[in-house]
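Reminder that position 15 of the sequence shown reads as 15 in this note's numbering, one-by-one numbering, no gaps. To start, the structure under review is shown below, and the notes come after it.
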Amino acid sequence: MQPGLFIFDCDGVLVDSEVLAVEIDRMVLEEHGWSLTREQVIEHFLGIPMTKVQEGLEEHLGRPLGADWIDSLEARYKESFEKDLRPVPGIIEALEQLEDPRRVASSGTHERIRHSLTLCKMLGYFEDSHIFSAQDVHHGKSAPDLFLHAASSMGVSSEGLPGH
């Protein structure tokens with residue numbers, strides 16, 4: 001049976017951003033007084049929304065970080081991505097082979113997803129209304145809400161998805 005819809009995560013699936021993001025996260029956490037290894041950053045924070053990272057850091061530090069913390073972190077990602085972000089090897093060739101509809105569903109902000117796809121020359125593979133962010137749902141990853149939301153944009157209910 002052929003799938004009728006492909007839903008891609010962005011970071012680590014479409015763009016090779018995870019190595020860059022983990023290093024930035026590690027440096028920023030250290031600057032705020034929490035020294036973690038790359039492996040610990042991956043274990044605690046990879047693939048979760050920035051608001052959850054902020055909550056975890058504030059809980060660990062026992063103090064709020066301030067309103068501009070996420071903006072400062074996003075600026076660092078943007079600078080790093082503009083220099084070093086690349087597509088995941090083979091993904092552009094794979095996208096060129098797909099005929100079925102495709103969506104992006106990612107924990108990143110809409111701005112970050114579009115920026116990453118633009119830098120890697122992949123934005124044209126996804127219609128603007130086919131890009132979904134954790135900002136669009138109440139529960140981001142690891143809950144299935146984001147992917148179910150993206151699937152529902154094609155009229156696919158959870159009953160039509162594996163595991164449901």
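Ideal Cβ placement from N, Cα and C applies to all residues, glycine included. Just so it is clear, the structure is predicted and the values come from calculations on it, not from any experiment.
- Here DSSP, grouped into helix, strand and coil, assigns Arg63 to coil.
- The beta carbons of Ser107 and Ala134 sit about 5 Å from each other, so the pair counts as a contact at 8 Å.
- Pairing Ala105 with Asp9 gives a Cβ-Cβ distance under 8 Å.
- DSSP places Asp11 within a strand segment (E or B) once states are collapsed to three.
- Val137 and Ile131 have their C-alpha atoms some 13 Å from each other.
- A direct Cα-to-Cα measurement between Gln54 and His139 gives close to 16 Å.
- Looking at the backbone, the Cα of Asp25 and that of Pro101 are separated by about 33 Å.
- In this structure, the alpha-carbon of His44 lies about 12 Å from that of Trp34.
- With respect to the 8 Å criterion, Pro87 and Val15 are classified as neighbours on the basis of their beta carbons.
- Restricted to the segment 68 to 134, the alpha helix (DSSP H) segments that are unbroken, complete and at least 4 residues in length are 69 to 84, 91 to 97 and 110 to 119, listed in chain order.
- Between Phe81 and Leu123, the C-beta gap is not smaller than 8 Å, which leaves the two residues out of contact.
- Under a 10 Å Cβ-count criterion, Phe126 is classified as buried, with 16 or more other Cβ atoms of the shown protein chains found around its own Cβ.
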